[in-house]
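Undergrad: Letter by letter, the sequence shown follows residues 343 to 538 of the working numbering.
All C-beta atoms in this analysis are idealised placements derived from N, C-alpha and C, irrespective of residue type, glycine included.
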Amino acid sequence: NIGWCLIDVHCNSKKTGTSLDELIPHISKTIRKSGLLLGLEAPLFVPMRNDLMLATKGRNGEGRRPWSAGAGAQVLAMNIPIMTYLFRKIKFYDPDVDILIDPKRFAPKERQVLLFEALVSGIDKGNSHVDDAQIMTNYCLKYSKKSQLPPSILKHEEDTSYFNLAAASLLRCGLTKDVSLMEKTSPIYKPSPGGF
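1) Just to confirm my understanding: we take Phe538, look at its own chain, exclude 5 residues before and 5 after, and list those with CB closer than 6 Å. What are they?
2) If you reduce the DSSP assignment to three classes, tell me which class Ser511 lands in.
3) Would you grab the beta carbon distance between Glu459 and Leu379 for me? Rounded to a whole angstrom, and I think it's under 8 Å.
4) Within the same chain, show all residues whose beta-carbon is closer than 6 Å to that of Lys375, passing over the 5 residues directly before and after it, in chain order.
5) For Arg514, I'd like the list of residues in its chain whose CB is within less than 7 Å of its CB, leaving aside the five on either flank, ordered along the chain.
6) Between Asn506 and the ligand SAH, is the CB less than 7 Å from at least one heavy atom?
7) Rounding to the nearest angstrom, what Cα-Cα distance links Lys355 and Asp466 in this structure?
8) Determine the extent of the alpha helix (DSSP H) in which Thr372 is found, giving its start and end residues.
9) Determine the DSSP secondary structure at Asp502, reduced to helix, strand or coil.
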């Protein structure tokens with residue numbers, strides 16, 4: 343159950359599909375011209391709290407659908423091999439790709455990819471995974487046209503550190519050597535009605 347949408351603003355083209363193998367050449371072609379936002383609709387990092395009773399509590403800002411609830415926990419597990427497969431294939435097509443989890447480091451420039459967690463849920467959801475991907479892509483496009491990134495819904499939480507599964511996957515694929523990234527968050531973008 344995969345759905346994707348890629349908008350190339352340079353070509354003014356939009357492509358959708360359900361196969362990652364069809365998406366990867368489009369990513370490779372796009373990043374040769376500009377930076378790319380890459381959203382995965384699954385939790386990319388989990389909180390590490392000192393109080394064990396709060397270990398699976400939702401992350402501050404994500405609302406009523408926490409990462410650890412049924413659907414979130416399921417896609418978290420499913421995303422690990424899918425995300426790693428995607429990173430390996432992107433690296434195969436472009437060994438110089440720079441996949442980032444920190445929006446402050448995103449320029450954007452050629453061969454730079456900012457990875458984010460896409461939270462499309464509740465009334466925002468479409469009728470399919472492709473619909474969800476299009477909803478998120480259109481939301482990000484509104485900000486891109488203003489040379490901005492969407493606001494992350496994640497809010498600071500005292501006495502909380504994180505374990506970033508996306509960073510672990512990047513390490514596994516040889517796309518970073520920075521072990522400290524495993525303690526960082528990734529941005530979480532959630533479409534809002536009207537975009538801004």
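TA: By the coordinates alone:
1) With a pLDDT of 48 at Phe538, under the threshold of 50, the modelled position of that residue is not reliable, and no figure is offered here.
2) helix
3) Not a contact, Cβ separation roughly 12 Å.
4) His352
5) Thr426
6) For the ligand SAH, the structure offers nothing, since it holds no ligand at all.
7) Reading off the sequence, residue 355 comes out as Ser, not Lys. Going by the C-alpha atoms only, they are around 24 Å apart.
8) Leu362 to Ile373
9) The sequence shown places Thr at residue 502, not Asp. Three-state result, Thr502: strand.
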